[in-house]
Amino acid sequence: MAHRIRIFAITVFSLFFSFLSFSQNPFSPPGVYIADPSAHVWNDGKLYIYGSLDESCDYYCSHRHHVLVTEDMKNWSLYRDALVSKGEGDAVPYNDNVLYAPDAAFSGDTYYIFYCQPDRTNAEGVATSSSPVGPFTNGSPINLKGYNQIDPSLFIDDDGQAYYIWGQFTLKMARMKPGMKELDLDTVRDSILTESSHHFHEGAFMAKRNGLYYLVYADISRGDTPTCIGYAVSRSPYGPYKYGGVIIDNNYCNPGNWNNHGSIAEFKGQWYVFYHRSTHGCNTMRKACAEPIYFNPDGSINEVEMTSQGAGGPLKAEETIEAEWACLLRGNLRVEQFSESAEKLGQTRNSDRFCIKYVDFSNMSDSVTVKYSLSGKGGKLTLNTDKPWHSRIATLNLSPSPDGKEWQTVTFKTEKVKGTKALWIQYTGNDDDLVSIDWLRF
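In the numbering used here, the protein residues as written are 61 to 502.
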């Protein structure tokens, strides 16, 4: 149970927002599945995350967009229903389709949210607000010159010119007219990026650094599935772009993982990549995450790994470590929601293992406490550091829960560890066993 989170729901006009103390990955709170994170820093100096809102393993996304806001990458405010496409607060009057991945922009005194939907005639649109968190209203379709695909993104260059970016398999781009609601159709270009030359799948986002234009996007270079965030670089918005490589790969975040989609942004002097991980053993319940990234002198970006600590420092061994923060899952296990505001690592079977990166063991005790439930005959958890097959620090014998579901808390002796290390945990038991883990603490 994510008991470190403080949530206070408050009504402001038609919006609901919550204050969250949450610095590790995923940074979207338990029970809130925000995917396709598009990051922006507006004039107030805060970082804003606009993204899809997942709600089911049966389909992608929903009829709502929420917004996450932070001043320090540790404390987040969640603003609900910033854009709605059906029911109360409907801002998209011309259809009732779900809302796929969005992007946002600020120009003059107006905030814009660019949305997309499964509509072959009106695939993308724009709504406006006087506030960066909405409510966004008066949605209207954008004429895409027949290229009715998804994943809009908006980039405003230093000279004030806005560029509209969208598409799947081949990237489209056009200049926007003043007013930010229409494309200059004479400037539409296709194949700015392609699958064959850039491993481009979908979900492009543009950023600029030191005179270089970066397009980051869902990349199919590994295993022919878009689990990577890749990037390409040019000295002009329209290209030509040179493929740069992979920034992050979310493979092994979930047994049902399929895609990735995100952005990069500089915040308080540090650049980050924002991406998502899937949960629940399916590919349509995804959660936003972040990792610091670093540029080389030539402008290239080093690939980074998925971590549990995210934008914060290593997790403290003496504090509660939520099992759903695991960044690598091997086997049947997956992150699941078990109450309105709590998640667990569930469906764990014999030989399944997971990794938490990274843990600072400097102030650990000589024991470890785990909260779990177990249906079956019982087995053991083995805890190793650095790698899954050596440096064992503890073995925990787990007995079955009385009804197979009741939570139990057990404490066992552990070897003392120095420094900051990856923590690997594996369950060994019977093939019919099912284990859920809520948290652990040293």
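Think of the CB as a built atom: it goes at the ideal place given N, C-alpha and C, for glycine as much as any other residue. Given the structure is predicted, the values throughout are model-derived calculations rather than measurements.
{"Asked": "Identified DSSP bridge partners for Ile361", "Found": "Phe355"}
{"Asked": "Cβ pair count under 8 Å reaching 3, the segment 334 to 349 against the segment 139 to 152", "Found": "no"}
{"Asked": "Cβ pair count under 8 Å reaching 3, the segment 122 to 140 against the segment 177 to 190", "Found": "no"}
{"Asked": "Whole-number beta carbon distance between Leu434 and Pro460, since they are thought to touch under 8 Å", "Found": "5 Å"}
{"Asked": "Contact under 7 Å by Cβ, Cys342 with Gly316", "Found": "yes"}
{"Asked": "Of the residues Ile361, Tyr160 and Leu405, the one placed nearest Lys302, counting alpha carbons only", "Found": "Ile361"}
{"Asked": "Under the three-state DSSP convention, the category Ala377 falls into", "Found": "coil"}
{"Asked": "Residues sharing a beta bridge with Tyr93, DSSP", "Found": "Asp114"}
{"Asked": "Assigned exposure category for Phe174 - 16 Cβ within 10 Å defines buried", "Found": "buried"}
{"Asked": "Segment limits, beta strand (DSSP E) that includes His336", "Found": "Gln330 to Ser338"}
{"Asked": "Bridge-paired residues (DSSP) for Thr230", "Found": "Thr254"}
{"Asked": "Three-pair Cβ contact test at 8 Å for the segment 100 to 115 versus the segment 404 to 423", "Found": "no"}
{"Asked": "Bridge partner(s) assigned by DSSP for Thr471", "Found": "Thr429"}
{"Asked": "Separation of Ile353 from Phe87, as counted between CA atoms", "Found": "17 Å"}
{"Asked": "Range of the contiguous beta strand (DSSP E) that encloses Ala151", "Found": "Note, Ala151: premise wrong, no beta strand (DSSP E); not H, not E."}
{"Asked": "N- and C-terminal bounds of the beta strand (DSSP E) containing Cys176", "Found": "Thr170 to Cys176"}
{"Asked": "Cβ neighbour criterion (16 or more within 10 Å) applied to His259", "Found": "buried"}
{"Asked": "Beta-bridge partners of Asp279, as assigned by DSSP", "Found": "Phe260 and Cys288"}
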